[in-house]
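Going line by line, the protein sequences match chains A and B. Under our numbering, think of the first position of the first sequence as 86, with each following residue one higher. Under our numbering, think of the first position of the second sequence as 86, with each following residue one higher. Working notes, beginning with the structure itself.
Number of protein chains: 2
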Amino acid sequence: MPSPRRPHAVTITDVAREAGVAASTVSRALTNPDRVNVVTREHVQQVAARLGYRASPAARALGTGRTATLALVLPDITNPYFSGLIRGAERQAEATGHILVIGDSEENARAEARMVERLAPGVDGFLLGSSRLPDARILQFDAAMPVVLVNRRVPTVTSVSPDQQGGTRQIVEHLVALGHRRAIFLAGPPESWLGRQRWAGISSAAKKHGLKVRRLGPYHPSVEGGLLAGEAALADGATAVIAHNDLMAIGALKRMKARGVSVPADVSIVGFDDIFGADFCDPPLTTLSDRTEQAGRSAVDLLVALVREQSRLDHDAPADIVAPTQLVVRGSTGPAPTAPPPDPKEGDPS
Amino acid sequence: MPSPRRPHAVTITDVAREAGVAASTVSRALTNPDRVNVVTREHVQQVAARLGYRASPAARALGTGRTATLALVLPDITNPYFSGLIRGAERQAEATGHILVIGDSEENARAEARMVERLAPGVDGFLLGSSRLPDARILQFDAAMPVVLVNRRVPTVTSVSPDQQGGTRQIVEHLVALGHRRAIFLAGPPESWLGRQRWAGISSAAKKHGLKVRRLGPYHPSVEGGLLAGEAALADGATAVIAHNDLMAIGALKRMKARGVSVPADVSIVGFDDIFGADFCDPPLTTLSDRTEQAGRSAVDLLVALVREQSRLDHDAPADIVAPTQLVVRGSTGPAPTAPPPDPKEGDPS
DNA sequence: TTGAAAGCGGTACCAA
DNA sequence: TTGGTACCGCTTTCAA
């Protein structure tokens, strides 16, 4: 009667027996090829290949303390903005011989912390994308294990983030050049560092250019949140709306359309992220673009370096990559109307 | 001089010492609580909690042969169609105490097979989404380990797939009701089982309703592929276009617009999947919708059951869930024009 | 350059 | 109900 245990297919011992050498020699031949005689090495490698030997990651991890696994935790896996990040991270993880596990925190700091703690024993390090955690918690995690932040900066923690200062300046200058004098910023979650950067950058650039900007929110950073936010923006009467992200911008756009407000004739709308769909919504969205796939790759490289450093003892100064951003001007922004936008029509806001 | 090895934080032995019991008792108290005296159990659990004990997944996996990890392999992580699947799978994996690792095969059967082989030693089973592998290879994998297919059916292999027969019938009836007599099907990759089902369903329903359908392709199942496909469709002169998926449908839509062909006045377009963006492109897309998040959840449940069965010895008959689909009618379909569509304008097809 | 043996942190069996 | 112990598969000393 067979045991319920699923045995690891071909073990190092099988290879050793078949090759007529000790298990330790097989181990060396496969992972430290230069510490083994050429003839032995090739013989062992051949036997291993013939038997279809695959090392057991669990056994290796138990021995070395390394799992060759990286975790990527995000607030919302389904936000298309993160697709590029996921793909970039996955590709680079594969390229560096790592496995990528993924976690969704559902925009929730508690859930994010739980996720990190749950995953921690099984991974070598964390990629925290758009983390909703407070700085203190991040510093705590960073002290305990390798962490790379994406879309967030915390002093002393390695990170990759898009240049929001330059980006928001581009947005403000674009709107000012079109003659806008008053704008609305539709805020996302207060826990969003990127959101806070965006508001700070916009406020400061706006002051410099004499643009008045009011902030509304917070709203959920989704199309649904944008629907609500769009309603509020209409009530305010500004001629330009800057949304926390494209999801919200698209929601606002929908609401404007439902209300009979013309974009960009009556109101201009700007988003952030240049997500899938931003170029084919109606009108196409003017938005601040960044290279998320590249960010994912860089972040993995940094994380892998951190994991390596951890085992040596020379720690480099933490890296902070600030990636360039670019304003993509499309149809949702236009010259400011000379008269204030019309009152929204009565009717079901769907 | 400290060793380069990162030691597992708090081990079962630490807890045992602190609690004044044997390691095996700690193990039981934590994983088989009913096989331990209430007092001992609670004492141990308390000590474990106080010390912040977390079991080492590697050690557990080595002992039990179970990793509590599931793999999800997809042809294209960035296709928004898969977002729901990823989220559903991730949530249900978490709910059942599993970790989800993710792999992208980039629409490539070889890469998919490599990915499965690479991941296999570290996971308990596979979720293969829209697999591009030949049946034989899938059967081979299925014989070696627990596998659940999503968006694919292969005899004897457990699967979850959307009802394409009913779905394609809905599409054809919709077009026929609008007066269309000739349609084009823009095919995706020949490796796509879903694509083959779609073509089969459409052909058969079309025959029944006297609709003539020609198939063009294959095309890459992306917006870029749709751009090309749209061009070819224009040359054909049919009044309705059914695209392999929404990505292609959106590409075709873009091309029509660039060519000055009006949708749906001149040509109607139908897609599959109802992805993010299908409701706000211009015009919004008529498309066949399925519940991907639910599919992800069901698939994980089935996989977890398979993993459990594997260690018992009673294998149930493989389950085949066929999930309902629903045609969402939006602005991209309309009455067939009485005259054939105008010749496309000359000009740069961008 | 190679082999033998001692862990790594759990689980599970066998006795007590 | 508990403790002792033999693994699980691989890496890594330490000797030979």
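C-beta: ideal position from N, C-alpha, C; glycine also.
Simplified DSSP assignment, three categories, for residue i
i, result
"residue 365/B", "coil"
"residue 88/B", "Its pLDDT being 37, under 50, residue 88/B is placed unreliably in this model, and the coordinates cannot settle the point."
"residue 269/A", "strand"
"residue 260/A", "helix"
"residue 244/A", "strand"
"residue 209/A", "coil"
"residue 154/B", "strand"
"residue 331/B", "helix"
"residue 407/A", "strand"
"residue 119/A", "helix"
"residue 184/A", "strand"
"residue 413/B", "strand"
"residue 124/A", "helix"
"residue 166/B", "helix"
"residue 230/A", "coil"
"residue 141/B", "coil"
"residue 294/B", "helix"
"residue 348/A", "coil"
"residue 94/A", "coil"
"residue 337/A", "helix"
"residue 401/A", "coil"
"residue 109/B", "helix"
Closer than 7 angstroms to chain B by CB, residue i
i, result
"residue 182/A", "no"
"residue 141/A", "yes"
"residue 168/A", "yes"
"residue 100/A", "no"
"residue 417/A", "no"
"residue 315/A", "no"
"residue 376/A", "no"
"residue 189/A", "yes"
"residue 256/A", "no"
"residue 144/A", "yes"
"residue 171/A", "yes"
"residue 253/A", "no"
"residue 348/A", "no"
"residue 147/A", "yes"
Residue i at chain A interface by Cβ criterion, 7 angstroms
i, result
"residue 96/B", "no"
"residue 391/B", "no"
"residue 420/B", "no"
"residue 240/B", "no"
"residue 163/B", "yes"
"residue 326/B", "no"
"residue 394/B", "no"
"residue 175/B", "yes"
"residue 88/B", "Low per-residue confidence applies at residue 88/B: pLDDT is 37, beneath 50, and the placement is therefore not dependable enough to give any value."
"residue 186/B", "yes"
Identified DSSP bridge partners for residue i
i, result
"residue 357/B", "373/B"
"residue 300/A", "270/A"
"residue 325/B", "268/B and 353/B"
"residue 214/B", "235/B"
"residue 189/B", "159/B"
Answer yes if the stretch 282 to 298 of chain B comes into contact with the stretch 245 to 265 of chain B, meaning at least three C-beta pairs across the two stretches below 8 angstroms, and no otherwise. yes
Does the stretch 341 to 354 of chain A come close enough to the stretch 198 to 211 of chain A that 3 or more CB-CB pairs lie under 8 angstroms? no
Taking contact to mean 3 or more Cβ pairs, one atom from each stretch, closer than 8 angstroms, check whether the stretch 388 to 403 of chain B and the stretch 213 to 232 of chain B are in contact. yes
Is the stretch 331 to 342 of chain B touching the stretch 360 to 371 of chain B in the sense that three or more CB pairs, one from each, lie closer than 8 angstroms? yes
Please list the residues of the stretch 350 to 382 of chain A that have a C-beta atom closer than 8 angstroms to any C-beta atom in chain B, keeping them in chain order. 361, 362, 365, 366 and 367
What residues in the stretch 149 to 160 of chain A have a beta carbon less than 8 angstroms from any beta carbon of chain B? 149, 150, 151, 152 and 154
I'd like to know if the stretch 191 to 207 of chain B and the stretch 194 to 208 of chain A are in contact, where contact means that at least 3 CB-CB pairs between them fall below 8 angstroms. no
Quick one, which residues of the stretch 195 to 207 of chain A are near chain B if we go by CB-CB under 9 angstroms, in chain order? Within the stretch 195 to 207 of chain A, contact with chain B at the beta-carbon level (separation under 9 angstroms) is assigned to 200, 202, 203, 204, 205, 206 and 207.
Taking one C-beta from the stretch 183 to 193 of chain A and one from the stretch 372 to 384 of chain A each time, how about it: are there three or more such pairs within less than 8 angstroms? no
Contact the stretch 151 to 161 of chain B vs the stretch 112 to 121 of chain B: 3+ CB pairs below 8 angstroms: no
Taking Cβ-Cβ distances below 7 angstroms as the criterion, which residues of the stretch 292 to 304 of chain B are in contact with chain A? none
By the 8 angstroms beta-carbon criterion, what residues does the stretch 327 to 339 of chain A contribute toward chain B? 335, 338 and 339
Is the stretch 233 to 250 of chain A touching the stretch 271 to 283 of chain A, taking contact as three or more C-beta pairs under 8 angstroms? yes
Touch test, the stretch 125 to 134 of chain A against the stretch 101 to 115 of chain A, Cβ-Cβ under 8 angstroms, three pairs minimum: yes
Inter-stretch contact (C-beta, 8 angstroms, three-pair minimum) for the stretch 162 to 170 of chain A and the stretch 140 to 151 of chain A: no
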